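First residue of the sequence shown: 101, per my numbering; consecutive thereafter.
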Amino acid sequence: MRAILSQADLDDALDKFGNKASTSWSDEEKRRDRKALSQIHLHLSNNILQEVLQEKTAAALWLKLESICMSKDLTSKMHLKMKLFLHKLQEGGSVPNHLTVFKEIVSDLQAMEVKYEDEDLGLILLCSLPSSFANFRDTILYSRDTLTLNDVCEALQAKEKMKQMVSSDGSASNGEALAARGRTEKKSNNTSRGKSSNGHHGRSKSRGRGNKICYYCKKDNHVIADCYKLKNKEKRTGTYREKNKSNDDGKASLLLRFDNYDGDTLVAFAGCANNGDEWILDSGASFHICINRDWFITYDSVKSGGSVRMGDDRPCQIVGIGSVQIKMYDGIVRTLTDVRHIPDMTKNLISLSTLVGKGYKYSGGGGVLNVSKGSLIVMKADLKSANLYRLRGTTITGDAAVISKSLSDSDATNLWHMRLGHMSEHGMEVLSKRGLLDGLSISKLKFCEHCVFGKHKRVMFKTSTHTSKGILDYVHSDLWGPSRKSSHGGSRYMLTIIDDYSRKVWPYFLKYKSDAFSAFKQWKVMVENQTERKVKVLRTDNRMEFCSDEFNDYCKSEGIVRHYTVPGTPQQNGVAERMNRTIISRAHCMLSNAGLNRRFWAEAAFTACYLINRSPCIAIDKKTPIEVWFGSPADYSQLRVFGCTAYAHVDNGKLEPRAVKCIFLGYQTGVKGYKLWNPQTQKVVLSINVIFNETAMLSDNLSSDAPVERQQKTSVQVEHFIDVDNTPENDTVAVQDAQIPDNSPIVDDSSSVEHSSPVVQPPQHSVAASRGIRARKPVRRLIEEYNIAYALSVAEEIEGNTEPSNYSEAITSADCNNWMTAMQDEMESLEKNGTWDLVKLPIDKKPVRCKWIFKRKEGISPSEPARYKARLVAKGYSQILGIDFNDVFSPVVKHSSIRMLLSIVAIHDYELEQLDVKTAFLHGELDENIYMDQPEGFVVPGKKNLVCKLKKSLYGLKQSPRQWYKKFDSFMLSNGFKRSDYDSYVYLKTVNGSAIYLLLYVDDMLIAAKEKSEIAKLKAQLNKEFEMKDLDLCPQSDDDIEYMSRVPYSSAVGSLMYAMVCSRPDLSHALSVVSRYMANPGKEHWRAVQWIFRYLRGTSSACLQFGKSRDGLVGYVDSDHAGDLDKRRSLTGYVFIVGGCAVSWKACLQATVALSTTEAEYMAISEACKEAIWLRGLYSELCGINCSRVTIHCESQSAIYLTKNQMFHERTKHIDVRYHFIRGVIAEGGIKVRKISTHDNPADMMTKHVPTSVLKLSWY
């Protein structure tokens, strides 16, 4: 604008004609000012013009425009700086336009007096370029020591010009082989980094395309096509050809440009045949290129993957990206990832720059190029004609027949981990390096929950040495069992026999321990017949099944030397003990991974042995037992994931299905087929015509969606799964495979998975001695009786836990019909309630998954049958806050409110009933749009692609409790009930002068009223709106004693805490002490917790006794000065009683250290006063009377005087102000503090140990 005014010779008007006052302007100056003002008006937009019309002179108008458009406040500066940093060049965007906008922003910043260093602006401009300019960025940064904005702009402009020149040039002249990075101009050097063919590091700088270099003789001013030295050599060898006769005459057979990589990478190959079976190592390529689709082992098609242009400007599209495996010069199979599939190319390229970016290095010399990582050479290439390095190696053809979709290295590693029965990562690496796993490149194994469940172990012992010289020279054997339930074949034991030299294992499944001898004789005849060698030494433990006279006589007659272990030292038979543990660990992993019922433990154990014999072992130099036994490696191509879905071929009618859905149970000895389980017929099937679906299990395993309930349940099973002795860890990397003769019991055995006898360690019963009295030892008979009772209790709990943990276990269990009926009932209930509609899943939504939860409830009497319940729950942990839900809470009434109502019921002789809402959470209506997968086993035929759009809440959703409470609250308020101001989950209503109360605890309710008819009327209203279940009143036991062997400290204290909060105030002091050491408890703390459990067992009949006393609300408070010996803080304890029974209590440490007993009691009274105020309001609201004063009893007369004394002095001025509010409350008359004797104070037990007489007060 200033330029326009200058052209019209009006710019001096902006300076007020020499800064003169407007009153002193001449007529000519006024005319010129009006003209300048009009010129500015004509060039303004309407929005700006409306804001400056009031300005009368050009100078004032100019200042106004500067204040609007060139404001120098912080907001304007921040806006421009953000605009500068967020200004980015998009892929394929215009570079000139990008530079223009960038310079405009910089100019505006300079006008606002915001200054940047020139180097900073150059770096900001480089950062604004897309990823395709990476090579350009590297060239700029590494080619100079200093940088300016002008340097970057000139380089970008030169690059654009060169790009236009290359795109307009249809072919490469003279067949010159070119590998370039960057662009060249007179003022910019082109730098290529890396290593040259002679192995020297450095940077080569060329001055442009005019400086020709021959890559054969290394001389200037000519190219390889015109090299006379090369032509003379070809004439002598008879390989010389005239120009333009074929493609081998020096003419470039390939010249390409990578469009998606800023057009700066050119690659040309001269004088080479179009052999598509070899790989070329190229320093100019930006990525790997493969022309053969069949070579890819993983493959993802792409629609817009970019293109590569040939020398004739013909584009070659990138149609896919995947991985290719190459068997290198040393026989090791290595995988190239992110390989572009370009069918129209004529060469397969390996990008050296990509390898360098991944930490590899390359160097050359003597016509050989070596690519290395660390000290290991991974690739070698030989220099051929046209200066091309051709890779030594062959490509392994990809095979996607087994996997239905492409898998990453991590997923493929996880799949083979499951196929190999959860083999260790080290063992898989050994097989992978030998090329036995389809060329798989083993990556880091992800966390495997099933390995934790199955392999979690104690501290390892020292490994044993491997000294045997041949097979059958030394044999180990051990017996595992008994299992708690017999298998289908009646087996309860597993006999394992291990050859020390090969570490090969044979399992035999037995009904009785005495069958071990006959099984050993069977095995001995079989192996000696196969190997023509004799068993020389047998090592076992000294149990009777191995030490019978019959067994010993047989070994003597056969010349077998016996080695026994010392009694109580199973470590001496470590090979067999460790093998048993490994077998069971793997079996448990596979069962957990497959979600199968425990009755398939025999199949899982046999499959584990089969895989153990195919797993590397350190003791035999990382070979496999099969390889040592037979002399050749095993075949892994037929391995499948245990428990995966299998479809076996059947010959049915013409219109019947041609396959039946089964579960894969492992491999069958002596049969070339697979062992399958048919859930419909409940029978084992052998078939060779099988199609497997392993990827479904892989996706389930990767989702890690096991709920907390199942994890806790499984951890208990692991604890009692096998008899874990302190056995030494032998040197087996993973477990090994079992070859069993055809007459082995495993052929007819489909036994259920079961645990061995648990090793139960009951709590120690050390009786604490009183001070000055000698400790008495407990009677041995009582200890033994207690141990037996404890063991039976734990065994009964484990034995009775037969509930399936998922849908697969339910339909394969013995009670499958009952579970199916329960699931059908649940689905009918959901359909009746209109819980969801089937719709298509929106593109931007992710469905919530769901699962079945099963519960078996025993009848109250032996004649009453058990009830089977199945509930469909959503996996709400996958919900996202703010998208799938906003608020989370559960309607839980306070325990103090429950006890207060019980006191009122006892005092006024009210009727009390309890109700339960069936499927309470299903009544809530959702505010958010939530989509869920269709329930497993109930997918609607023909609508598999649809999902459930939830209309009402479902169990498992995070907002379900909230939505249920909103529904219930609106119903209660609409029926005339009032929500309590002190507890939102207490409702009360007055009918004809009589009160009716309702307390809500999630989906349970307590209803109290004077007349039973009022309760019946309310129940009818609730039944009409919700489906209710009337719970008859019956005695409830609060005995929460758990036998705590090997149970975490926090779990034990937590279970005690629930009993204390609900109905056991006598536990308050003890729990306040033991809960201080939750983070790092010691043995003494654990003994204290055990004492609390013993006390609970002896006082199981103790309970709260609600009476009809009309004493009202009374409180008791006490403190223990410096009761915490660690931090010297005092303890506060109080109890409040209504109708002769405790309704509220608390025991806790004070926040600060009290300097005296009086101060500690004073702070305790303050805490009790706050609780008294809340209880007084709740009591008054529920009873309909005004409770004007609450009496609190205290032992300290000094503290009572202090509450009434309004003065501050030296002994009280340091007490925190918040504790002094008690003085105002007492002055108003709301609280009265009275003196009480220590022996009559119930709160005394909240702060210290007390005798039994205090615990047996009239209110408890």
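Virtual Cβ for every residue (Gly too), placed ideally from N, Cα, C. Just so you know, these numbers come straight off a predicted model, no measurement behind them.
What did DSSP end up calling residue i once you bin it into helix, strand or coil?
i     : result
C1283 : helix
V948  : strand
E794  : coil
K1198 : Just to set this straight, residue 1198 is Gly in the shown sequence, not Lys. Helix, per DSSP.
I389  : strand
C647  : helix
E217  : coil
C372  : The predicted position of C372 is uncertain, since its pLDDT is 43 and thus under 50; no value can be drawn from it.
L1249 : strand
I597  : strand
E1036 : coil
L572  : coil
L972  : strand
A1343 : helix
W125  : coil
L1100 : strand
I542  : coil
D641  : coil
V1147 : With a pLDDT of 44 at V1147, under the threshold of 50, the predicted position of this residue should be treated as unreliable, though the coordinate-derived value follows. Residue state, collapsed to three classes: coil.
M445  : coil
S591  : coil
R1228 : coil
L153  : coil
M428  : strand
V635  : coil
P709  : A small correction: the amino acid at residue 709 is Cys; Pro does not occupy that position in the sequence shown. C709 falls in the helix class under three-state DSSP.
Y1158 : helix
Within the continuous beta strand (DSSP E) that includes residue i, where are the two ends?
i     : result
G493  : G493 to I496
C762  : A759 to Y767
F609  : V605 to L610
N1029 : Taken as a continuous stretch (DSSP letters only), N1029 belongs to no beta strand (DSSP E), as it is neither H nor E.
Nearest to residue i by alpha carbon, out of the options?
i     : options                     : result
L531  : T567, E378 and E727         : E727
G466  : K480, G459 and G474         : K480
C762  : S602, A687, E1025 and V784  : V784
I1336 : R1210, L161, C1294 and H388 : C1294
I1361 : V1333, G1198 and H388       : Here the chain covers residues 101 to 1360 and nothing more, so residue 1361 does not appear.
A1362 : K447, N514 and E1011        : As displayed, the chain neither begins before 101 nor continues past 1360, which places residue 1362 out of reach and without an answer.
I1322 : L786, Y664, T1252 and L1302 : L1302
E628  : E217, Q672, L595 and L572   : L572
Identify the residues that DSSP records as bridge partners of residue i: which are they?
i     : result
D382  : S451
Q417  : S407
C59   : Lying before the first or after the last residue shown, residue 59 is absent from the chain, which here runs from 101 to 1360.
H1293 : Y1216 and R1334
What span of residues does the alpha helix (DSSP H) with residue i cover, start to end?
i     : result
G459  : Here G459 belongs to no alpha helix (DSSP H), and DSSP marks it neither H nor E.
H198  : V195 to A211
N917  : C916 to N933
M1361 : Only positions 101 to 1360 of the chain appear in this structure, which leaves residue 1361 out of reach.
N1045 : Per DSSP, N1045 belongs to no alpha helix (DSSP H) and is neither H nor E.
W395  : Element bounds for W395: n/a, residue is neither H nor E.
**Item:** Meets three-Cβ-pair contact criterion under 8 Å: the region 107-114 and the region 129-138
**Value:** yes
**Segment contact, 8 Å Cβ cut-off, at least three pairs: the region 906-918 with the region 685-696** = yes
**Request:** Count the CB pairs spanning the region 734-747 and the region 631-647 that are closer than 8 Å, and state whether there are at least three.
**Result:** no
**Request:** Report yes or no: do three or more beta-carbon pairs, one from the region 1005-1025 and one from the region 1033-1041, lie closer than 8 Å?
**Result:** no
**Asked** Counting pairs of Cβ atoms below 8 Å between the region 1196-1203 and the region 1232-1241, do you hit three or more?
**Response** no
**Asked** Between the region 245-256 and the region 216-224, are three or more C-beta pairs nearer than 8 Å?
**Response** yes
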